[in-house]
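K.L.:
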Amino acid sequence: MAETTVKYEKTKGLTDKPLSYCPGCTHGIVHKLVGEALVDLDILDKAIGVASVGCSVFSYEFFNCDAQQAPHGRACAEATGIKRVLPDNIVFTYQGDGDLASIGIAETIHAANRGENITVIFVNNAIYGMTGGQMAPTSLKGQKTTTSQDGRDTDWTGNPIKISEMLATIEGVAYIERVSVHDPKHYLKAKKAIKKAFQYQKEKKGFTLIEVVSTCPVNWGMKPVDAMKWLSKEMIPVFPLGVYKDKGDNHES
Amino acid sequence: MNHNVKVAGFGGQGVMMFGQVLAYSATYDDINGLWFPSYGPETRGGTANCSVIVSDKQINSPTFKNANHLVAFNLPSLEKFRKNVTDNGLILYNSSLIKDEVKEEGRLCIGVPVNDIATELENEKVANMAMLGAYLELTKIFTDQTIEAIIKKFLGERKAHLLDVNMKAIQKGKDYIKNLGVTYA
Amino acid sequence: MAKVLMKGNEAIALAAIKGGVDAFYGYPITPQNEVPEYLSKHLLANGKVFLQSESEVSAINMVYGAAGAGARVMTSSSSPGIALKQEGISYIAAAELPCLIVSVMRGGPGLGGIQPSQADYYQATRGGGNGDYSLIVYAPETIQEMVDTIKESFDIADYYRNPVMVLVDGLIGQMMESVDFDKPVKERFLPEKDWATTGTANHPGRRNVANSLEIDPVALEQKNIRLQEKYKLIKKNETRYEMVNFEEEPEYVIVAYGTMARICRSAIEMLAKDGINVGMIRPISILPFPDEAFDEIPKKAKGILCAELSMGQMLDDVLISNNGRHKVGFFGRSGGMVPDPEEIVDAIKNFSERVVK
Chain F
7 MAETTVKYEK TKGLTDKPLS YCPGCTHGIV HKLVGEALVD LDILDKAIGV ASVGCSVFSY
67 EFFNCDAQQA PHGRACAEAT GIKRVLPDNI VFTYQGDGDL ASIGIAETIH AANRGENITV
127 IFVNNAIYGM TGGQMAPTSL KGQKTTTSQD GRDTDWTGNP IKISEMLATI EGVAYIERVS
187 VHDPKHYLKA KKAIKKAFQY QKEKKGFTLI EVVSTCPVNW GMKPVDAMKW LSKEMIPVFP
247 LGVYKDKGDN HES
Chain D
15 MNHNVKVAGF GGQGVMMFGQ VLAYSATYDD INGLWFPSYG PETRGGTANC SVIVSDKQIN
75 SPTFKNANHL VAFNLPSLEK FRKNVTDNGL ILYNSSLIKD EVKEEGRLCI GVPVNDIATE
135 LENEKVANMA MLGAYLELTK IFTDQTIEAI IKKFLGERKA HLLDVNMKAI QKGKDYIKNL
195 GVTYA
Chain W
88 MAKVLMKGNE AIALAAIKGG VDAFYGYPIT PQNEVPEYLS KHLLANGKVF LQSESEVSAI
148 NMVYGAAGAG ARVMTSSSSP GIALKQEGIS YIAAAELPCL IVSVMRGGPG LGGIQPSQAD
208 YYQATRGGGN GDYSLIVYAP ETIQEMVDTI KESFDIADYY RNPVMVLVDG LIGQMMESVD
268 FDKPVKERFL PEKDWATTGT ANHPGRRNVA NSLEIDPVAL EQKNIRLQEK YKLIKKNETR
328 YEMVNFEEEP EYVIVAYGTM ARICRSAIEM LAKDGINVGM IRPISILPFP DEAFDEIPKK
388 AKGILCAELS MGQMLDDVLI SNNGRHKVGF FGRSGGMVPD PEEIVDAIKN FSERVVK
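Residue numbers (this note's numbering), protein chains in the order written: chain F, 7 to 259; chain D, 15 to 199; chain W, 88 to 444.
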């Protein structure tokens, strides 16, 4: 029998439960990055994830750690409740843009303002996925959704809300970066950012949020590859990638 | 023994404290005390009132239609509550502010110039204590020792230096009643 | 510790501390503000958690998080605030997590007023949250009973893994009364919270998940059946009520809870002097409601008067429990108006005018 060497192994940060996401969706990649970060930093057995409402509602079944499932928009409040009684554990939320930027924006802003020492993984795909492609506060100008069928009219519904820019103005925030996973180069940057956010939490630096600009091929009505292209061409100009706030390695708080 | 007491006046006249001293004293003496305030916007600047029940039995209803004792620090309070005093009840009023003599059939009505007493003591804030002294002299429901212990507790360490003037005001209230030669209890 | 005189809201806070509360999350609202004020000082000073949230909604979800993490946790609020908390309450009940919710009722509907009321009986017992969930709701009548109940509530919540609500009106919150904080609490065997999300390091080989989602209808129905079995057990073990003045067959029976029950006690004494013997069923748990108490009403009784500081909410449970056996009348005041005992005396004397069914 030929000798086999392991070249690649699924991270122990995820369970063996098959992901429930649609083909071509980037949630799977982001899950993997989170799982890997928890393993790499040796914090998986201290981690408590908070799942939100939306496509990632089942994420409590995928992250290989303890978890809670929050009501729509309330993940940051629930994470606060956990973190305050278990300050030495690692607490993170995993939320979409409908959940975080719309119904849960108050919880998010105030958790950031308190400098809650939690990590928020914010997956922004500019649409409500699970409920069937409705307009999100992050939907682009002119974007066709099931509730903006002629394209988002920004005079009527406002412009896409920019969470990373907004939260970066808040004192309690330790680190915010907007990343993307649409190609290997950006994937590696995203990996670094997510790991750094958890590292900061480990060092009790304060609130960290990584916004991942993501795709929703099914509700965008595109093939996965076209969705990646659309993300790069249309979304990133509206949601520019980069570090929006970093209190730095030496800033202990 | 069961006394339903209504204490009323302007906010800032020490109405709430007067009532609380009675309830604290009841607890101190190991009988039952219950105090509740009119609360909300009207207590700020407007009229304030509180209800107190002192009883050696279990206190049931926290509300009562007619008080055994009404303590009125100003005219609006007197007018509001004077018809809700039981037969043989006591109406104690602030004659520094209520100049006309108060009369209610079958009720003992006593005016005490508590603001004047407080002025004599050079501390406007102890008017309520002068009223308390008068009230205690008439009703005799608590001993001097109990009252002093409660006033001490109220003042705490921060205001301990005010114990003397408070006790003096109580004594002057008592003396005022003694000099009138009126008895009630 | 001897009896002390204490304001109801502060007594809620101190009772919670005596009951071992680890964390409080809440939002300011009248007439319960002394609860968070007292706890902000005394919890933080003792290394426990006090956090003022940005909203009622946030507060209850912080409670959810901390309860899931195994802490003894509570919140307190008043009528419109409890309305906002209903979503979270449903989730906590569904995830079978223990917590204490204190509700100090004020007049409604809407913003209503801030004076005492019992108009949130439906809110407490029927809930505004979604689904077939049930709380355990106690409605004490004195500060002493409230303190004893709150201390025990944490144990009851832990035992059944279910949220407990202590429901009082603003008068109990605002009044001061003599109270003993050291009355012993019934001892219960409380299993370790091995379900808490504390990190797998604390329970290797098992992931703990606090969750209310059950996407498979078969599984969700099974869960609901299991929940109902739990609620039946709670009804059997934790239903509380007091029968007042039933030694001799009462002519009339009043049903009242909380402050209204105290007012009725005085009315019953007044009525006795007039030669009218009146008894009272005083539900202490309003959920589960003590319907078995109605079996003790004598056949010859002339009627049942349900008395509330609302326009007739517990009346539903009284009608259901009476099941057509006696005439049922209703007396209610609302909006913050608290009656004197004389009004109850009058309602009994003119019972025929009060009959609703």
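Note that the Cβ used here is the ideal one computed from N, Cα and C, for glycine as well.
The model shown is predicted, which means the values in this text are computed figures rather than measured ones.
Output yes or no for whether 8 Å exceeds the beta carbon distance between residue 195/D and residue 144/D.
P.N.:
No; because the gap between Cβ atoms is not below 8 Å, this pair is not in contact.
K.L.:
Between the region 260-279 of chain W and the region 100-117 of chain D, can you find at least three pairs of beta-carbon atoms closer than 8 Å?
P.N.:
Too few Cβ pairs lie closer than 8 Å, so no.
K.L.:
Could you please tell me which residues of the region 95-117 of chain F, in chain order, have their CB closer than 9 Å to any CB of chain W?
P.N.:
Within the region 95-117 of chain F, the qualifying residues are 95, 96, 97, 112, 113, 115, 116, 117.
K.L.:
What do you reckon, are the CB atoms on residue 156/D and residue 43/D nearer than 8 Å?
P.N.:
Cβ distance < 8 Å, so residue 156/D and residue 43/D count as in contact.
K.L.:
Taking only three categories from DSSP, how would you classify residue 120/F?
P.N.:
Three-state result, residue 120/F: coil.
K.L.:
How close, in whole Å, do the beta carbons of residue 385/W and residue 336/W come, if the pair is a contact with beta carbons under 8 Å?
P.N.:
That belief holds up - the Cβ atoms of residue 385/W and residue 336/W are roughly 4 Å apart, short of 8 Å.
K.L.:
Would the region 270-285 of chain W count as touching the region 132-145 of chain W if we require 3 or more Cβ pairs under 8 Å?
P.N.:
With a cut-off of 8 Å, the region 132-145 of chain W and the region 270-285 of chain W do not count as touching, because too few Cβ pairs lie within range.
K.L.:
Using a Cβ-Cβ cutoff of less than 6 Å, which residues in the same chain neighbour residue 166/W once the five nearest sequence positions on both sides are dropped?
P.N.:
Closer than 6 Å at Cβ, skipping near neighbours: 192, 193, 195, 207.
K.L.:
Can the beta-carbon of residue 351/W be found closer than 8 Å to that of residue 259/W?
P.N.:
Not in contact: residue 351/W and residue 259/W (Cβ atoms no closer than 8 Å).
K.L.:
I want to check one thing, is the minimum distance from the CB of residue 305/W to the heavy atoms of the ligand GTP below 7 Å?
P.N.:
The model depicted lacks the ligand GTP and carries no ligand whatsoever.
K.L.:
Can you find at least 3 beta carbon pairs, one from the region 109-118 of chain W and one from the region 49-64 of chain F, that sit closer than 8 Å?
P.N.:
Touching, no.
K.L.:
I'd like the ranges of any alpha helix (DSSP H) spanning at least 4 consecutive residues and lying wholly in the region 345-428 of chain W.
P.N.:
List check, alpha helix (DSSP H) in window: 345-360, 401-409.
K.L.:
Can you find a CB in chain W that lies within less than 8 Å of the CB of residue 257/F?
P.N.:
Here the model assigns residue 257/F a pLDDT of 47, short of 50, so the residue's position is not dependable, and the following value carries that caveat. So, not an interface residue.
K.L.:
How is the alpha helix (DSSP H) around residue 169/D delimited, first residue to last?
P.N.:
From DSSP, the alpha helix (DSSP H) with residue 169/D extends over 158-169.
K.L.:
Return the CA-CA distance between residue 435/W and residue 50/D, expressed in angstroms with no decimal places.
P.N.:
Roughly 27 Å between the two C-alpha positions.
K.L.:
In terms of residue numbering, what span does the alpha helix (DSSP H) encompassing residue 38/D cover?
P.N.:
29-42 is the extent of the alpha helix (DSSP H) around residue 38/D.
K.L.:
What are the boundary residues of the alpha helix (DSSP H) that includes residue 123/W?
P.N.:
Looking at the DSSP string, the run of the alpha helix (DSSP H) that includes residue 123/W is 121-131.
K.L.:
Keeping to the same chain, check which residues put their C-beta closer than 7 Å to that of residue 97/W; ignore five residues upstream and five downstream.
P.N.:
So the list reads 121, 125, once near-sequence residues are dropped.
K.L.:
Below 8 Å, how does it come out for the region 341-359 of chain W and the region 310-317 of chain W: are there three or more Cβ pairs, yes or no?
P.N.:
The region 341-359 of chain W, when compared against the region 310-317 of chain W, does not touch it at the 8 Å Cβ threshold.
K.L.:
Can you grab the Cα-Cα spacing for the pair residue 20/D / residue 138/D, in whole Å?
P.N.:
Those two C-alpha atoms are separated by around 22 Å.
K.L.:
What are the start and end residues of each continuous alpha helix (DSSP H) run of 4 or more residues lying completely inside the region 141-195 of chain F, in chain order?
P.N.:
Those alpha helix (DSSP H) runs which fall completely within the region 141-195 of chain F and span 4+ residues are 160-163, 169-173.
K.L.:
Nearest to residue 222/W by alpha carbon, out of 441/W, 406/W, 375/W?
P.N.:
When each option's Cα is compared against that of residue 222/W, the closest is 375/W.
K.L.:
Starting from the Cα of residue 378/W, find the closest Cα among 348/W, 327/W, 416/W, 184/W and give me that residue.
P.N.:
Considering only alpha carbons, the answer is 327/W.
K.L.:
Within its chain, find whatever has a CB closer than 6 Å to the CB of residue 197/D; leave out the 5 residues flanking it on each side and keep chain order.
P.N.:
Contacts found: none.
K.L.:
Would you say residue 353/W reaches chain D, if we count a Cβ-Cβ gap shorter than 8 Å as a contact?
P.N.:
By this cut-off, residue 353/W is an interface position.
K.L.:
Determine, using beta-carbon pairs with one atom in the region 125-134 of chain F and one in the region 151-167 of chain W, whether at least three such pairs fall under 8 Å.
P.N.:
No, because fewer than three Cβ pairs between the region 125-134 of chain F and the region 151-167 of chain W fall closer than 8 Å, the two stretches do not touch.
K.L.:
Applying the 10 Å Cβ sphere with the 16-neighbour rule, what's the burial state of residue 398/W?
P.N.:
Per the 10 Å Cβ criterion, exposed.
K.L.:
Identify the continuous alpha helix (DSSP H) that holds residue 315/W and give its terminal residues.
P.N.:
Run containing residue 315/W: 304-325, per the alpha helix (DSSP H) assignment.
K.L.:
Could you name the residues of chain F that residue 161/W contacts, counting a contact when the two beta carbons are closer than 9 Å?
P.N.:
Residues of chain F passing the Cβ test: none, with the nearest at roughly 12 Å.
K.L.:
Residues in the same chain with beta-carbon distance under 6 Å from residue 195/F, minus the five sequence neighbours each way, listed in chain order, please.
P.N.:
So the list reads 185, once near-sequence residues are dropped.
K.L.:
Quick one: what's got a C-beta closer than 6 Å to residue 257/F's C-beta in the same chain, skipping five residues either side?
P.N.:
With a pLDDT of 47 at residue 257/F, under the threshold of 50, the predicted position of this residue should be treated as unreliable, though the coordinate-derived value follows. No residues qualify anywhere along the chain.
K.L.:
Between which two residues does the alpha helix (DSSP H) containing residue 190/D stretch?
P.N.:
Here the alpha helix (DSSP H) through residue 190/D covers 177-194.
K.L.:
Quick check: the region 81-94 of chain F against the region 144-163 of chain F, are there 3 or more CB pairs under 8 Å?
P.N.:
No, because fewer than three Cβ pairs between the region 81-94 of chain F and the region 144-163 of chain F fall closer than 8 Å, the two stretches do not touch.
K.L.:
Which of helix, strand or coil does DSSP assign to residue 138/D?
P.N.:
Helix at residue 138/D.
K.L.:
Which residue or residues does DSSP assign as beta-bridge partners of residue 81/D?
P.N.:
Paired residues: 99/D.
K.L.:
Among 347/W, 367/W, 423/W, 401/W, which one has its Cα closest to the Cα of residue 340/W?
P.N.:
Ranking 347/W, 367/W, 423/W, 401/W by Cα distance to residue 340/W puts 367/W first.
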